[in-house]
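Structure record follows, encoded as structure tokens.
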Amino acid sequence: MEYKINKHLLLKLENKKTNIYVDGQLFKQCHFLLLNISVHELANIERGRSIDEISETLNKSMERNNDNISSKYNITPEQEFQAHCSNLQAWVENGYDTRLLHRNLAFPLLKRLADIGDSLAKNEFKNQVAQRFSSGSASVIRFLIEGKYLDKFTDEELVTLFNSTDFFNCDDDLINNLTKGYITPLLDFIEPGSSILLSINKLNLGRMNKVPRSINELLNLKELTITNIGIPQDLKVPLSLHKLTLDNNSLTRFPAFVEELCFLKDLIISSNNLTRIPDSIGNLDSLEALFLPQNSLVSIPKSLGNLRSLEYLILNNNKLQSIPVLIGTLKFLKSLSFSNNRLANLPKTIGDLHSLFYLDLGTNKLTSLPESIGNLHSLEALFLADNMLTSIPDSIGNLRSLKRLKLTNNRLTSIPDSIRKLKFLQELYLSNNRLTNIPDSIRKLKSLQELYLSNNRLSNIQEFIENMKFLNPKLKIYL
């Protein structure tokens, strides 16, 4: 037995159960009927009440004991099927009015119809969600929020929606639990001092067009992201911050409030127009990560040497011409990137970074490397591609932890024999250089998995390949 409601909806009686199909795909099984609803209660729907509200006054055992309902009320599966068909038909004929069905069916079915392109469902989806949200029914509001039915609303629409109810007069715990995904545009509508504001520890203003006035009320805020917004220089933020991200804000200088964040551990200001790092950066002595890529920085202040807890320093894509000697004081530094700058040389003190495991100096103007680079015994990745290197120091062989070495696009004519000592080297990039032969030392690299040799002046390449097939069958050679 089946009943077609419209071109998208079809009901079938299968194994004594009523199933709903949307465009030929099983959507949901109808679980129970709400019985014994009086004429007076049905009339309430015309006054704005819904099946959801009426159902809350009924005996809930009907939902829990669905298997016994049919026999108790002498309803055959065929009669139940007809009742479900009648309900769905009425729902469709009344423009998908979600008051006519229980929320557990009405909203998922409306969303499904909208997703497959039902024009009426697409037009009605937001209207139905807004109307039912504004009705003030706590169970419906909770269902809509937890089911993410508000995700299609803009920030402006969300503010209007939440203000259309007495939502903000509810219990703070309820508001906080239900609005986590939508809290950002609602901040300025929450009462100052509310426990909601105190419970927020992470905030992303990526969707906002301005910084909320109440941001300084978030006294327990730990992570703050502000992107694509004009940041006022007089902005005040909570001093509790541990992580601050200020990407893509057209900043030409550090906001004044940054130097006050004494608990800050991560500072990320990328893709702006910064030309200098203020001396006050040295006051952030809790800082562990400093990311300032894609700016216009031309120098590094001496005060950076005060950041003794720093582990990550990322300054790629700037206009830096040198690395200060003080870099050697950052003893806990693990990752350092100066790629895409204008470096012509490196200070000897770079060899003092004994905790360093990642060093990217690619795309600069380096012509040589200091012998001290061999002191980086923890280094696992060394990127030196796209420079002007004519030679590599013998000390490179002391990098006993090295796994990846990139020397692509340089002016190398030879590789030091000491490279044979890199027992853990897995990837070696030598393409686009001026090598005329492959040193025997490379044959000793038992861990090597990838070797790049294209665009050189090699003469013994075929002999080398044959030998390596025998010595290291797993090695991939790219010519």
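Every position in the sequence shown, counted from 1, becomes a number in this note's numbering once 541 is added. We put the beta carbon where it would ideally sit given N, CA and C, even for glycine.
message: Check for me: the beta strand (DSSP E) holding LEU560 runs from which residue to which?
response: It should be noted that the sequence gives Asn, not Leu, for residue 560. Unbroken beta strand (DSSP E) run through ASN560: 558-563.
query: Looking at the structure shown, is ASN577 part of a helix, part of a strand, or coil, going by DSSP?
result: Unreliable placement is indicated for ASN577, whose pLDDT of 49 sits below 50; the coordinate value is still reported in the next sentence. Here ASN577 sits in coil by DSSP.
query: TYR1019 to ILE1002, Cα distance in whole Å?
result: When rounded, the distance between both Cα atoms is 11 Å.
message: If I measure Cβ to Cβ from VAL580 and keep anything under 8 Å in the same chain, skipping five residues before and after, which residues do I get?
response: Caution applies to VAL580, whose pLDDT of 43 falls short of 50 and renders its modelled position unreliable; the model cannot decide the point.
- prompt: Given that a residue counts as buried once 16 or more other Cβ atoms are within 10 Å of its Cβ, and exposed if not, what is LYS524?
  reply: Look at the range of the chain in this structure, 542 to 1020, and you will see that residue 524 is not part of it.
task: Run through the segment 994-1020 for me and flag every whole alpha helix (DSSP H) of 4 or more residues, listed as ranges in chain order.
output: List check, alpha helix (DSSP H) in window: 1002-1012.
- prompt: Which word fits MET1009, buried or exposed, when buried means at least 16 other C-beta atoms lie within 10 angstroms of its C-beta?
  reply: Per the 10 Å Cβ criterion, buried.
query: Starting from ALA655 and walking both ways along the alpha helix (DSSP H), at which residues does that stretch end?
result: Boundaries of the alpha helix (DSSP H) harbouring ALA655: 644-656, taken from the DSSP string.
message: Give me, in chain order, the residues of the same chain whose beta-carbon lies closer than 6 Å to that of LEU650; leave out the 5 immediate sequence neighbours on both sides.
response: Excluding positions up to five away in sequence, the list is empty.
message: With H, G and I counted as helix, E and B as strand and the rest as coil, what does DSSP make of PHE694?
response: Three-state result, PHE694: coil.
task: Throw me the rounded Cβ distance for the ILE834 and LEU856 pair, which I believe falls under 8 Å.
output: For clarity, residue 834 is Pro in the given sequence; the question names Ile instead. Between LEU856 and PRO834 the Cβ distance is about 7 Å, and since that is below 8 Å, they are a contact.
message: If contact is defined by three or more beta carbon pairs under 8 Å, each pair taking one atom from either stretch, is the segment 799-817 in contact with the segment 773-788?
response: Yes: the two stretches touch, three or more of their Cβ pairs being nearer than 8 Å.
message: Within 10 Å of its beta-carbon, does THR617 have 16 or more other beta-carbons around it, so buried, or fewer, so exposed?
response: The C-beta of THR617 has fewer than 16 other C-beta atoms within 10 Å across all chains shown, which makes the residue exposed.
query: So is ALA647 buried or exposed if we call it buried at 16+ other beta carbons inside 10 Å?
result: Label assigned to ALA647: buried.
query: Roughly how many angstroms lie between the CA atoms of LEU946 and LEU923, to the nearest whole one?
result: If I take the Cα positions, the gap works out to 5 Å.
field: Exposed unless 16 or more other CB atoms sit within 10 angstroms - verdict on ASP656
entry: Exposed is the call here.
task: Could you check which residue in GLU732, ASN859, LEU691, PRO819 has the C-alpha nearest to that of SER837?
output: Here the closest residue by C-alpha is ASN859.
- request: Work out the CA separation of SER705 and PHE832 for me, nearest whole Å.
  value: Each residue's Cα considered, the two are about 42 Å apart.
field: Cα-Cα separation, ARG941 to LEU971
entry: Going by the C-alpha atoms only, they are around 19 Å apart.
- request: Tell me where the beta strand (DSSP E) around LEU661 begins and ends.
  value: That residue, LEU661, is in no beta strand (DSSP E); its alpha helix (DSSP H) goes 660-675.
message: Please report the straight-line C-alpha distance between SER982 and SER878, rounded to a whole angstrom.
response: Taken atom to atom, the span from the alpha-carbon of SER982 to that of SER878 is near 29 Å.
task: Using only alpha-carbon positions, find the residue among ILE914, ILE841, TYR690, THR890 that is nearest to THR816.
output: The shortest Cα separation from THR816 among ILE914, ILE841, TYR690, THR890 belongs to ILE841.
query: Could you give the distance in angstroms between the alpha-carbon of PHE795 and the alpha-carbon of ALA662?
result: Going by the C-alpha atoms only, they are around 49 Å apart.
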